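Taken in order, the sequence shown gives residues 1333 to 1416; the numbers are from the numbering used here.
Just so you know, even glycine gets a beta-carbon here, dropped at the ideal spot from N, CA and C.
All figures in this text were calculated on a predicted structure; none of them were measured in a lab.
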Amino acid sequence: MKPGIHPPYGPVVFRDRAADYAFLTRSTATSDKTVEWEDGNTYPVIDVEISSASHPFYTETARVLDTAGRVERFERRYGKRGAR
């Protein structure tokens, strides 16, 4: 690697406030906020809106869209295609 052109790579805590979940990893991202981790050390913390703990795909709480109901409602309102 070329010296002096890469950002510092170090431990960072990513915290999902919605799910009250945090994990420690390494990243080039940084923050002015810090948090004391379980091991007693202080690390920069980055708050994220969604993570694997709160994403519907990973938590298996994804909603199934009622496309058939939407299509039927559209056809009732505007008529079927080709019915001119």
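Item, Value
"Proximity test, Cβ basis, 9 Å: S1383 and chain B", "Although the question refers to chain B, the structure presented lacks it and comprises just one protein chain."
"Proximity below 9 Å, CB of E1381 to CB of D1352", "no"
"Beta-bridge partners of G1342, as assigned by DSSP", "S1359"
"Straight-line gap, P1376 to T1362 (C-alpha atoms, nearest Å)", "6 Å"
"Neighbourhood of D1364 by C-beta distance below 8 Å, restricted to the same chain and skipping five residues each side", "P1376"
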